[in-house]
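Residue numbers (my numbering), protein chains in the order written: chain P, 23 to 425; chain G, 23 to 425.
Ideal Cβ positions, reconstructed from N, Cα and C, are used throughout, including at glycine.
This report refers to the structure that appears directly beneath it.
In structure tokens form, the structure reads like this:
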């Protein structure tokens, strides 16, 4: 992505601009990359500092409940649960906080009610039978709830809720043996948790919110940009005219797809949180987040091909296949491959831009058509020309991987 | 992996066995796959049930502290913290429980001490200044600790510890404003948490333990097996003699590498937990778990190439390049490619076996050498033979991706 903006302009200039302008452009490109990196980090670091401040703020707000006497006497010592809730529920994104907060609130409600029911049942068994019956209930419920966590869908969405469910049920059921006024205890716990969740949600939604949906949106666009960067880099530096040595070592574009390969976990995570978020900015409540995951799969598929192509290119360089037995033909294939790469890169860049701006990618189809044309051209040349085998193989493999 | 054992034997038989034996073998293979799947699930489900029972057991054990009077009076109502600890700390693997338990214990100790110190400092500020000073402390510490969670290494290993650190510090500092006997409260909390952690560790280590290290070991071997399965399947079903149509649709081996591609998160996770585990079975305490991650990277790299090769093969099938202009040559290349695939598959299978049994992979080198020989043969044929271009291209691309 880093070199994206620069490279697009340069393609048009290269044929006629004199050497010193090329050198200037090269320097400018390096500066652009550095600026882009600082901008990227500079965008992340303040947000992280802001998040840290938000957590501190929410905790300080909640501790006021404890310091102020009238509030304290209303809730008793269980206002500690509010502090606990804030620490555990507060997440980086709004969706994360919402997901955890709702999980916590509903799981507490459900488990509290079940716990009270278990207590009522157990008291029927008499003084001796009560702890035994309570133990059996706790054992059964904990075991069943734990087993349900192995179901992938529950694991992904309600894992935290199940933990809180087991926790609350055990606490209520076990403590019901000694605590007299169980209803008021349950009431206090519920209201403190509600206060804690409300504080978290307020802080995370209204103080510089970070939306999981927007993060996912940006991540998918960035991944597309990374692929575009690879193709443009390859088209320019490997198939381009000015590169004689074909030495790709140390080129940054060769690694631009690496981060894409391992992005699945983050995408799943963000999509899962985004589902909980209300409408915000350009995204409505039921924005089709699953579509981003589908795009993600396709992007990773492409990144895989790039990885294979990469390996192939570096192997081809090392074994140094006999080039240039027919320079004219080599140049033709090279030009076509270069065009393929550049046009594919442009099309991908266009798609990334379209996703980012939520517009119809009008010119991407044009670029793709050009890339397909170039691919067809390479394929049509192959059987007719009488060039030597190894060079055609190199290009043909590259071509088939690209197309 | 499923078809691994069966395919190894069949290769030798195919040339001479009559049709009905082949059909029988095919049926046997399907049965083997089904049995293997049941065995695999059958291995997982009882372990999951066992884990659920273990959680229930640990919770029941800890609730005894509450039911039995002498124990209850020793610890007071804070024995509830023991229940909470068990629910939160208990993980599927021993390493996970250890990691969470130690994180919880040390974070509580450290934050408790700091909280007491903050309380001592705040009391110096007088009755009015105390809550203000306490709020400032809580704010600062929570913000700093939250920011530290963005450091990838801390996130990976101590995320839970940092949460507990913020939690305990806030609880101790905030409640110090109203609770008189803070030392005894801290003492109670610490001992209940210690009891909770000890119960979890005891249950998870001594009752049918699941070791994260062993899971990682098995996962890496399984991933290698999956790759081996792909190569053997390709060698047999695509390059093999009996398959005339080259129709690969619906073949299970084509998808065997899919799970490998997304295994990074699980591997990182398991390696992180394995680091905490004591020596067990064939693994010592400081077993080089990082090496598994390196093998994992290489395996995923290979899976990526397979993915690209897969795409290429299905495209090649669809466009239906003009085959068989020189049947003899096609057969030669096909045989060589088949040999390459089969030998690579055998070598990978051998490596998986070697990892599983922790033995030196003595015959893998032999198989790999054969595969390299076959690859070299294909390469040496290419420039001399006068076959038509498309077919050579297909095989050459395949060959270069394989080698």
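Residues of the stretch 196-209 of chain G with Cβ closer than 9 Å to any Cβ of chain P, in chain order: So the list reads 196, 197, 199, 200 and 201, given in the order they occur along the chain.
Between the CA atoms of residue 90 of chain G and residue 303 of chain G - distance to the nearest angstrom: Reading the second chain from its first residue, position 281 is the one you call residue 303 of chain G. Reading the second chain from its first residue, position 68 is the one you call residue 90 of chain G. In a straight line, the C-alpha of residue 303 of chain G is about 38 Å away from that of residue 90 of chain G.
Distance between beta carbons of residue 129 of chain P and residue 159 of chain P, contact taken as under 8 Å: Translated into the one-based positions of the first chain, residue 159 of chain P becomes position 137. Translated into the one-based positions of the first chain, residue 129 of chain P becomes position 107. About 17 Å; that fails the 8 Å criterion.
Terminal residues of the alpha helix (DSSP H) in which residue 232 of chain G lies: Counting from 1 along the second chain, the entry for residue 232 of chain G is found at position 210. Careful: residue 232 of chain G lies outside any alpha helix (DSSP H) and carries neither H nor E.
Interface flag, residue 107 of chain G vs chain P, CB-CB below 8 Å: Within the second chain, residue 107 of chain G is the residue found at index 85, counting from 1. No, its Cβ sits nowhere closer than 8 Å to a Cβ of chain P.
Contact check, residue 214 of chain P vs residue 296 of chain P, beta carbons under 8 Å: As a first step, residue 214 of chain P is located in the first chain; it is residue number 192 there, counting from the start. As a first step, residue 296 of chain P is located in the first chain; it is residue number 274 there, counting from the start. Not a contact, by the Cβ cut-off of 8 Å.
8 Å Cβ cutoff, residue 102 of chain G in contact with chain P: One-based indexing of the second chain puts residue 102 of chain G at position 80. Closer than 8 Å: yes.
Proximity of residue 314 of chain P and residue 238 of chain P at Cβ, strictly below 8 Å: Along the first chain, one-based indexing puts residue 314 of chain P at 292. Along the first chain, one-based indexing puts residue 238 of chain P at 216. Closer than 8 Å, so yes.
Beta-bridge pairing of residue 73 of chain P - partner residues as DSSP gives them: Residue numbering aside, residue 73 of chain P sits at position 51 when the first chain is read from its first letter. None; residue 73 of chain P has no bridge partner.
Chain-ordered residues of the stretch 275-296 of chain G with a beta carbon less than 8 Å from chain P: 283, 284, 286 and 287
Coil, strand or helix - residue 87 of chain P by DSSP: Here the question's residue 87 of chain P lines up with position 65 in the first chain. Helix.
Spatially closest choice to residue 203 of chain G from G/360, G/138, G/132 and G/118, by CA coordinates: As a position in the second chain, residue 203 of chain G is number 181, starting the count at 1. Cα-wise, what sits closest to residue 203 of chain G is G/138.
Alpha-carbon spacing of residue 300 of chain P relative to residue 184 of chain P, whole angstroms: Walking along the first chain from the start, residue 300 of chain P turns up at place 278. Walking along the first chain from the start, residue 184 of chain P turns up at place 162. Residue 300 of chain P and residue 184 of chain P: Cα-Cα distance of roughly 23 Å.
Any C-beta of chain G under 8 Å from that of residue 137 of chain P: Within the first chain, residue 137 of chain P is the residue found at index 115, counting from 1. With 8 Å as the cut-off, residue 137 of chain P does not count as an interface residue toward chain G.
Buried or exposed (CB count within 10 angstroms, at least 16 for buried), residue 381 of chain G: If you number the second chain from 1, residue 381 of chain G lands on position 359. So residue 381 of chain G counts as exposed.
Chain G contact for residue 153 of chain P (CB, 8 Å cutoff): Here the question's residue 153 of chain P lines up with position 131 in the first chain. Closer than 8 Å to some Cβ of chain G, the Cβ of residue 153 of chain P qualifies, so yes.
Contacts of residue 75 of chain P in chain G (Cβ-Cβ under 7 Å): On the first chain, residue 75 of chain P is found 53 positions in, with the first residue counted as 1. Within chain G, the residues near residue 75 of chain P are 165.
With 16 other Cβ atoms within 10 Å as the buried cut-off, status of residue 255 of chain P: Against the first chain, residue 255 of chain P aligns to sequence position 233. Buried: at least 16 other Cβ atoms inside 10 Å.
Secondary structure, alpha helix (DSSP H): runs of 4+ residues fully inside the stretch 248-303 of chain P: 280-283 and 286-296
Where residue 323 of chain P meets chain G, residues with beta-carbon distance less than 7 Å: The residue given as residue 323 of chain P occupies position 301 in the first chain. Near residue 323 of chain P (Cβ distances below 7 Å), the residues of chain G are 329.
8 Å CB neighbourhood of residue 241 of chain G in its chain, flanking five on each side removed: Here residue 241 of chain G refers to the residue found at position 219 of the second chain. Around residue 241 of chain G: 285, 288, 289 and 292.
CB contact below 8 Å: residue 318 of chain P versus chain G: For the purposes of this step, residue 318 of chain P is taken as residue 296 along the first chain, with counting starting at 1. Not closer than 8 Å to any Cβ of chain G, the Cβ of residue 318 of chain P fails to qualify, so no.
Straight-line gap, residue 178 of chain P to residue 167 of chain P (C-alpha atoms, nearest Å): Walking along the first chain from the start, residue 178 of chain P turns up at place 156. Walking along the first chain from the start, residue 167 of chain P turns up at place 145. About 15 Å.
Spatial distance of residue 393 of chain G from residue 385 of chain G (CA atoms): Start at 1 with the first residue of the second chain, and residue 393 of chain G comes out as number 371. Start at 1 with the first residue of the second chain, and residue 385 of chain G comes out as number 363. The alpha-carbon atoms of residue 393 of chain G and residue 385 of chain G are separated by roughly 13 Å.
Sub-8 Å separation of residue 102 of chain G and residue 80 of chain G beta-carbons: As a first step, residue 102 of chain G is located in the second chain; it is residue number 80 there, counting from the start. As a first step, residue 80 of chain G is located in the second chain; it is residue number 58 there, counting from the start. The answer is no: Cβ separation not under 8 Å.
Secondary structure of residue 172 of chain G, DSSP reduced to three states: Taking the first residue of the second chain as position 1, residue 172 of chain G is located at position 150. Looking at residue 172 of chain G - three-state DSSP - the assignment turns out to be coil, as it is neither helix nor strand.
Coil, strand or helix - residue 159 of chain P by DSSP: Along the first chain, read from residue 1 onward, the residue named residue 159 of chain P stands at position 137. Reduced to three states, the DSSP call for residue 159 of chain P is helix.
Cβ-Cβ separation, residue 133 of chain P to residue 190 of chain P (assumed contact under 8 Å), whole Å: Within the first chain, the letter at position 168 stands for residue 190 of chain P. Within the first chain, the letter at position 111 stands for residue 133 of chain P. Right, their Cβ atoms sit about 4 Å apart.
Residues that residue 213 of chain G contacts on chain P, provided the C-beta gap is smaller than 7 Å: Residue mapping note: residue 213 of chain G aligns to position 191 of the second chain, counting from 1. Result: empty, since nearest Cβ-Cβ is about 18 Å, beyond 7 Å.
Simplified DSSP assignment, three categories, for residue 187 of chain G: Here residue 187 of chain G is taken as the residue at index 165 of the second chain, counted from 1. Here residue 187 of chain G sits in helix by DSSP.
Buried or exposed by the 16-neighbour rule on C-beta atoms within 10 Å, applied to residue 398 of chain G: Within the second chain, the letter at position 376 stands for residue 398 of chain G. Its Cβ having fewer than 16 others within 10 Å, residue 398 of chain G is exposed.
Check whether residue 329 of chain P and residue 326 of chain G have beta carbons under 8 Å apart: Numbered from its first residue, the first chain carries residue 329 of chain P at position 307. Numbered from its first residue, the second chain carries residue 326 of chain G at position 304. Yes, Cβ-Cβ distance for residue 329 of chain P and residue 326 of chain G is below 8 Å.
Three-state class that DSSP yields for residue 350 of chain P in the structure shown: Position 328 of the first chain, counting from 1, holds the residue named residue 350 of chain P. DSSP places residue 350 of chain P in helix when its eight states are reduced to three.
Of the listed residues G/182, G/198 and G/106, nearest to residue 142 of chain G (C-alpha basis): Within the second chain, numbered from 1, the residue matching residue 142 of chain G stands at position 120. Closest option to residue 142 of chain G, Cα to Cα, is G/198.
For residue 248 of chain P and residue 281 of chain P, believed in contact at Cβ under 8 Å, the rounded distance: Counted from its first residue, the first chain places residue 281 of chain P at position 259. Counted from its first residue, the first chain places residue 248 of chain P at position 226. About 7 Å; that satisfies the 8 Å criterion.
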